[in-house]
Each structure stands twice: as C-alpha cells, then as structure tokens.
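Residue numbers (the working numbering): 78 to 764.
Glycine included, every Cβ here is placed at the ideal spot set by N, Cα and C.
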C-alpha cells in the first residue's frame, strides 16, 4: 500500500522537470517547385535580398509568385513576398517552411518587381523600402467583395473629329495619333490657359488616355494633389465613360483605395489617376505614363528612398515600353535636360498671343511716376486699379506667398528679424490684436527690445493671406472675399465678382477664368535660399496666371513687389510667357557651375563624426569612382550636424548610387545605420 500523499509528491516532481520541446511535424514539400524565394521585410539594408523557404504541399497552390506570406526570420514572424518558385534550392542547408500564406493574390507582379528594383537602384535604397511605397496594405474585405472576373464594360465613346485640348498645340494631334497606333512617343507639353473646359489641361490628359485605350493599352496619370485628381477624374469620365478608370488618392478610405488597386491588378480597368503612389499602380500593358506640374514638391516622395514621380514613371516607361507625357504650364530644369537630350519632344502652341493674359510688372513705366512706392508696396496702385476694373466682369485672384496673418516680424527701426529669446525661432502674429509669439515653441515675446538697436516697435516683414484678405476687404467694401489655403482649400469659385486670396498651389478654379490675377510680394518668392528659387517662383506665378482669362478676353496679371532696378530673367519669362526659354537658361547656368541636374549628386547628412566616418567607408575604387567623385563639404546644417555632398558626372550616377547602397549595407551590418541619412538627388543642397 502506498504512503499517503505519494501521488501528490510525484506530480510536484513532474512539474519541476523542464517541458519537452514541441516538435513541429515534418511538412511534406510541394511536388512542383518546392522552394520559394521570399523578399522579407526586415528593415535592414544588409539583408536586402531574397531568402529561400520550403513550400509545404498544403501551400503549393497559394504560395504563388507575388503572394504575401509570413515567414520565420531571426526568431520572429515577418511579412514577405514570394518573388520566385524554384525546383532546387541554392542554399545547401535545411530550409525553414513558410509559416502561412497571408493572401494568394499575386500583388507583386513581375513588372512591378522590376520597377521597384530599378527605383531602389536609382536612389541607393532597399527593395523593402520601395515595396512599402508601391504595394498598399492588404484589406481582406476588399479582396472578398471584388469579383474575380471583370464586368463587360460599355463601349468606348466614339472619338471626336477634333480634340480642342490638343488641336491648338503644334504636334498635338500627331502625338495622339501615335498613341492610338500603339507607338510610344515621349513629349513635354507646355499647356496654355483654357478658354473652355474642353481646352483645359485635365481634358488634354484624358484625351491622351483615350487615345492609348483606343490602341489597346492602359494609362497611368499622376498629379500633385487630390483637387487635381478630382479634375482629371471628371475629365476621364467625360472622355472614356463610366467604369473605365479608377482614382488612387490619400483622401480615399483603406477599403476603397485597395479595391481600386485590385481593379487594376485583376484587369477590371486599365486607366488610373492619382497622387504619388499611383505611379506604381498595377496597370496591365500601360501605353502611357503622364504627370502634371513636374516642379511641384508634392511629387517628391518624403519617405526613403525619396524617389520623384518623374523618375519612377520614366523607369516604368523604359521597362514596359510606354509613351511618356510631362505636362505643365511651365517646365522644370530636369525636364528641360531631357528635352535637350532629345529624350522628350516639345509640344507647344505656335503662338501665345491673345491666349495668355497680359502681364504687367508694378513699378515699371508710368507706374513709377504715378506712384513712387509702386515697386515695394504690398498692394500698389496699379494692382488696385486693375482689380477694381476687373471686378466689374468677374472674380479676381490674389496670390499671396505666405499663409497666416503676419508670419514674420522685424524691428521697426533697423529691420532686423525678430527671433524668439527662448528657442531662436521666428516670431509671428496670428491674428489682429494677438500677442506676437514664436512659431516654433509658441511662447510670447512680451515686452520687445531689439538686440541690434534697442528699438521697441515691431513691423511686418511679410503679410500673410489672412491679413491680405482683411486689407482688401476694407479696400473693396461690399465685394465678397474668399480665402483658400492650408486647412481650408477651395476647389472652385463662381464667375461672379469676388476677391479670392490664395496661397500658391491652393488657387481655386474660377468658372470661365479669373478676370485678373494679382501676384503679391514677388520678392518673397525670389528670396528663397534654394537652387530652384527662380524656377519655383515662375511655376507659382504661371500656375495662377494659367487660371486667368486670355488677353483677348480682357485677362490681366499684375506682378507686385519685383525689383525694377534690374531685369530678372524669371520676370522676363513671365511677361513673355516663355517658360522653355527660362528653363534652358537655368540649365545652361547649372551646367557651367556643375550643379544638378547636369551632374550626379549624393548627400550624406547627420552627426558630424558619423558623416565623416561614413564618407571614409565608401569604397569608391571598387566602383570605379576614385577619380571622378568630388567631395564638397562638410557643410554645417545644425548645432552638431553636417552634410557632405558627393558630386560625379551624370554618366557615373548608377555607380555612385551603387557605392552609396554598399555603404548603407555595411553600416547596417555593423549596426551603425542610425544617425546618418544617405540620399541621391537632394532637393536642398545646403540641408
């Protein structure tokens, strides 16, 4: 007979013993192509390559190339994409099996994978970073709700005998004809203000997409913001009919956006319009890639590896054999380089006389005699008279380069900018009667005393949109005043008399065009300490002038605040409406100074010692760059931060990007990746 409590004692002994490891049963490998090459989302540059996994027989039909999967990597489950199925492994050891197939939808198509690899190589990035930009997160409900088979679309509308949006450009009809014939032309369109909606630039992009669709191919159209998306969306509906295109923009919900993406992937539609991410949209057999307003910084991706829409779509056109269309009221210097290299052909009007508005510069000619302060006044008398006359026939646009009320203050006596005594930030006044406060830390100025001269009175350096609206409301009593800017952007305004005060890029479209446009504080646009200050100023001015009626219909533009003691090329280009001439001049100047886009440029930015160590680690000789790369800097960009620029001839750009990617991987392997940013084509050279 056993002693009392013996059973309990044995149980205690068993619980104290270590548990036997749970052995996963061996999984039968797939009969065909049992090895999957998987791109794993590790976030580490030195692991930016496919890894091999065993495909269990249970996943043989779902773990297809392009599918999302979960894999075991470094002791944790990570996301990945199957990029290839192989009959034999390259790895000699034992392969871990796939954990599960998240979705059998082949979202990473071969052409999209090739594009992502090309973009990663172009910008010295990793494939994983580009894939996060290119493939949206999965939405299971959208996958289940969308039919696999595309519904039968309605017949395409009959092509018009005449396309007004292209007929007024030399070479325009020929460009459309080549698209419809299945060819792949490449063009830079210099758009004109529209007299009717049928002549406007959204109609031109829609007509190009219709021509490509008539040739049996799809189109990718990328525009800067959601307002432009809505305009092109409406033009595409008019040109193609309903149900033949989708839009991809940030204002869509996750399910709606992923549904649109799946419609393209499954072939339900073959035309897309959207913002930046639409450049990677999985359009089948694209025949046209197009973008509007190349100089807009919204087309420059703010996340690593920081690709520009222009370069993504040019790479896509090369890979898939599509036509290229860069369109805008003006032309960026990088596009001008492509034109002069004969990679793009110019499509422009033979004459702009009467079609574009008449442009005047306040302070020139008789204005100086009538109003000695005309060149420097916030609202010169010439602009006031133009607005008063134009309000009799329609709305007037007033473009103000700064938002807010008084976004910058200075000493009344010596004009020195006022800085916060706590953090050194700029001081602004947010509303009438409000206490001046720092725009960075929000602390008030209190009793002001200038550090330079001891003065105690403040003056405005720049007048913002809200203060301008207040002043114009008093100057034109009884006239409705609308504002459009950050936080409250208007899409359209009626054709009735009104004043519309807007910041650059937020100008609403007026029905029938604006009767006049006033471009205030031109000096504020020209005084930016960036390489593209003149280029950006002209883009902003022509963006507003492009919404104005032509001179034949009485449309006028008045540029206020431009220096009159000298002739500036950017002002001359505006007056003559000749953006191609200005872009060519800028390109020639940059070539003489060895500046982008005529050279390849990379920036290494971060903590000063880490930047120097990173540059020293670059094995330039390995990539044949030892005699062609020039180091500029270090330049101070902060209290303990610096930037080094690496400059090389344009033909050495691929090798420079490869060398930068090699440094990134080496630092990642040594766990030194943090603290230093490596970037190709930095938009701001000084940081």
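Kindly indicate which three-state DSSP category residue 628 falls into: helix, strand or coil? By 1-based counting over the chain shown, the position of residue 628 is 551. Taken through DSSP and simplified to helix, strand or coil, residue 628 comes out as helix.
Length of the line joining the Cα atoms of residue 465 and residue 459: Indexing the chain shown from 1 puts residue 465 at position 388. Indexing the chain shown from 1 puts residue 459 at position 382. Between residue 465 and residue 459, the alpha-carbon positions lie close to 10 Å from each other.
Provide the residue span of the beta strand (DSSP E) that contains residue 559, from first to last. Looking up residue 559 in the chain shown gives position 482. It spans 558 to 561 - the beta strand (DSSP E) in which residue 559 sits, taken as one unbroken run.
Quick one: which unbroken alpha helix (DSSP H) runs of 4-plus residues sit fully inside the stretch 575 to 633? Chain order, please. As summarised for the stretch 575 to 633, the continuous alpha helix (DSSP H) elements at least 4 residues long and confined to that stretch are 599 to 603, 610 to 622, given in chain order.
What are the boundary residues of the beta strand (DSSP E) that includes residue 369? Residue 369 sits at position 292 when you count from the first residue of the chain shown. It spans 363 to 369 - the beta strand (DSSP E) in which residue 369 sits, taken as one unbroken run.
Could you give the residue range of the beta strand (DSSP E) that holds residue 476? Position 399 of the chain shown, counted from the first residue, corresponds to residue 476. Unbroken beta strand (DSSP E) run through residue 476: 473 to 476.
Pick from 387, 544, 255, 647: whose alpha carbon is nearest that of residue 610? Counting from one through the chain shown, the residue named residue 610 turns up at place 533. Considering only alpha carbons, the answer is 647.
Can you have a look at residue 415 and say buried or exposed, based on whether 16 or more other CB atoms are within 10 angstroms of its CB? Position 338 of the chain shown, counting from 1, holds the residue named residue 415. So residue 415 counts as buried.
In chain order, what residues of the same chain lie with their CB nearer than 7 Å to the CB of residue 263, ignoring the 5 residues before and after it? Here residue 263 refers to the residue found at position 186 when the chain shown is read from its first residue. Excluding its 5 nearest sequence neighbours in each direction, residue 263 has C-beta neighbours in its own chain below 7 Å: 400, 401, 420, 421, 422, listed in chain order.
Cutoff 6 Å; reference residue 452; Cβ partners in own chain excluding five residues on either side: Taking the chain shown and counting its residues from 1, the one referred to as residue 452 is at position 375. Below a pLDDT of 50, predicted positions are generally treated as unreliable, and residue 452, at 47, falls in that range; the measurement from the model is reported next regardless. Listed in chain order, the non-local C-beta contacts of residue 452 below 6 Å within the same chain comprise 440, 641, local neighbours out to five positions each way being set aside.
Looking at the strands, I want to know which residues DSSP matches up with residue 252. Taking the first residue of the chain shown as position 1, residue 252 is located at position 175. Bridge partners of residue 252: none, in fact.
Following the continuous beta strand (DSSP E) through residue 525, name the residue where it begins and the one where it ends. Residue 525 sits at position 448 when you count from the first residue of the chain shown. Neither: residue 525 is in no beta strand (DSSP E) and is coded neither H nor E.
Check the C-beta distance from residue 175 over to residue 130 and give it rounded, since I have them as a contact under 8 Å. In the chain shown, the residue the question calls residue 175 occupies position 98. In the chain shown, the residue the question calls residue 130 occupies position 53. The Cβ separation is near 5 Å, so the contact holds.
Where does residue 193 fall in DSSP's three states? Taking the chain shown and counting its residues from 1, the one referred to as residue 193 is at position 116. In this structure, DSSP gives residue 193 a helical state, which the three-state scheme calls helix.
Cβ-based neighbour list, residue 662, same chain, cut-off 7 Å, excluding 5 preceding and 5 following: Counted from its first residue, the chain shown places residue 662 at position 585. The residues are 646.
Tell me the rounded alpha-carbon separation between residue 550 and residue 577. In the chain shown, residue 550 corresponds to position 473, counting from 1. In the chain shown, residue 577 corresponds to position 500, counting from 1. Roughly 11 Å between the two C-alpha positions.
Taking the beta strand (DSSP E) that residue 295 belongs to, which residues open and close that run? Residue mapping note: residue 295 aligns to position 218 of the chain shown, counting from 1. In this chain, the beta strand (DSSP E) harbouring residue 295 covers 295 to 299.
Local Cβ density within 10 Å of residue 428, reported as buried at 16 or more and exposed below that: For the purposes of this step, residue 428 is taken as residue 351 along the chain shown, with counting starting at 1. Classification of residue 428: exposed, given that the 10 Å Cβ count is below 16.
Excluding the 5 residues preceding and the 5 following residue 240 in the sequence, name in chain order all residues of the same chain whose CB lies nearer than 6 Å to its CB. Sequence index remark: in the chain shown, residue 240 carries index 163 (1-based). Around residue 240: 284.
Residue 506 versus 519, 699, 183, residue with shortest Cα-Cα distance: Position 429 of the chain shown, counted from the first residue, corresponds to residue 506. That would be 519, whose Cα lies nearest to the Cα of residue 506.
Quick check: residue 512 and residue 502, are their CB atoms within less than 8 Å of each other? The residue labelled residue 512 in the question sits at position 435 within the chain shown. The residue labelled residue 502 in the question sits at position 425 within the chain shown. In this structure, residue 512 lies away from residue 502, with their beta-carbon atoms at least 8 Å apart.
At least 3 beta-carbon pairs within less than 8 Å: the stretch 344 to 352 vs the stretch 719 to 735: Counting C-beta pairs closer than 8 Å gives fewer than three between the stretch 344 to 352 and the stretch 719 to 735, which falls short of the contact rule.
With DSSP as the reference, label residue 485 as helix, strand or coil. Along the chain shown, read from residue 1 onward, the residue named residue 485 stands at position 408. In the structure shown, residue 485 sits in a strand (DSSP, three-state: E or B).
Can you give, in chain order, each stretch of the alpha helix (DSSP H) that sits fully within the stretch 164 to 226 and has at least 4 residues? Counting only runs of 4 or more, we get 187 to 199, 204 to 211, 217 to 222.
With burial defined as no fewer than 16 other Cβ atoms inside 10 Å of the residue's Cβ, what is the status of residue 100: buried or exposed? Position 23 of the chain shown holds residue 100. Residue confidence is low: residue 100 scores 40 on pLDDT, short of 50, so the model does not pin down where it sits. No coordinate-derived value is stated.
Check whether the stretch 198 to 210 touches the stretch 312 to 321, taking contact to mean three or more Cβ pairs, one atom from each stretch, closer than 8 Å. Taking a cut-off of 8 Å for Cβ pairs, the stretch 198 to 210 and the stretch 312 to 321 do not touch, as fewer than three such pairs fall below it.
Whole runs of the alpha helix (DSSP H) within the stretch 329 to 393, excluding any shorter than 4 residues: As summarised for the stretch 329 to 393, the continuous alpha helix (DSSP H) elements at least 4 residues long and confined to that stretch are 331 to 342, given in chain order.
Do you know offhand how far residue 118's Cα is from residue 531's? Taking the chain shown and counting its residues from 1, the one referred to as residue 118 is at position 41. Taking the chain shown and counting its residues from 1, the one referred to as residue 531 is at position 454. Cα to Cα, residue 118 sits roughly 58 Å from residue 531.
Could you check the C-alpha separation between residue 763 and residue 288 for me, to the nearest Å? Counting from one through the chain shown, the residue named residue 763 turns up at place 686. Counting from one through the chain shown, the residue named residue 288 turns up at place 211. The straight-line gap from Cα to Cα measures roughly 44 Å.
Tell me whether residue 476 is buried or exposed, calling it buried when 16 or more other Cβ atoms sit within 10 Å of its Cβ. If you number the chain shown from 1, residue 476 lands on position 399. In this structure residue 476 is buried. Its beta-carbon is surrounded by 16 or more other beta-carbon atoms within 10 angstroms.
How do the stretch 593 to 601 and the stretch 631 to 639 stand: do at least 3 beta-carbon pairs fall below 8 Å, yes or no? A contact exists between the stretch 593 to 601 and the stretch 631 to 639.
Just how far apart, CA to CA, sit residue 265 and residue 657? The residue you call residue 265 lines up with position 188 of the chain shown. The residue you call residue 657 lines up with position 580 of the chain shown. One C-alpha to the other measures close to 10 Å.
For the beta strand (DSSP E) containing residue 656, name the first residue and the last one. Here residue 656 refers to the residue found at position 579 of the chain shown. From DSSP, residue 656 is part of no beta strand (DSSP E) but of the alpha helix (DSSP H) over 656 to 670.
CA-CA distance, residue 562 and residue 579? Here residue 562 corresponds to residue number 485 of the chain shown, with the count starting at 1. Here residue 579 corresponds to residue number 502 of the chain shown, with the count starting at 1. Whole-angstrom Cα-Cα distance: 6 Å.
So the candidates are 547, 304, 486; which of them puts its Cα closest to the Cα of residue 558? What you label residue 558 is simply residue 481 of the chain shown in a count that begins at 1. Of the listed residues, the one whose Cα sits closest to residue 558 is 547.
With a Cβ-Cβ cutoff of 8 Å, do residue 278 and residue 425 count as a contact? Taking the chain shown and counting its residues from 1, one reaches residue 278 at position 201. Taking the chain shown and counting its residues from 1, one reaches residue 425 at position 348. Judged by beta-carbon spacing, residue 425 lies beyond the 8 Å limit of residue 278, meaning their Cβ atoms are not closer than that value.
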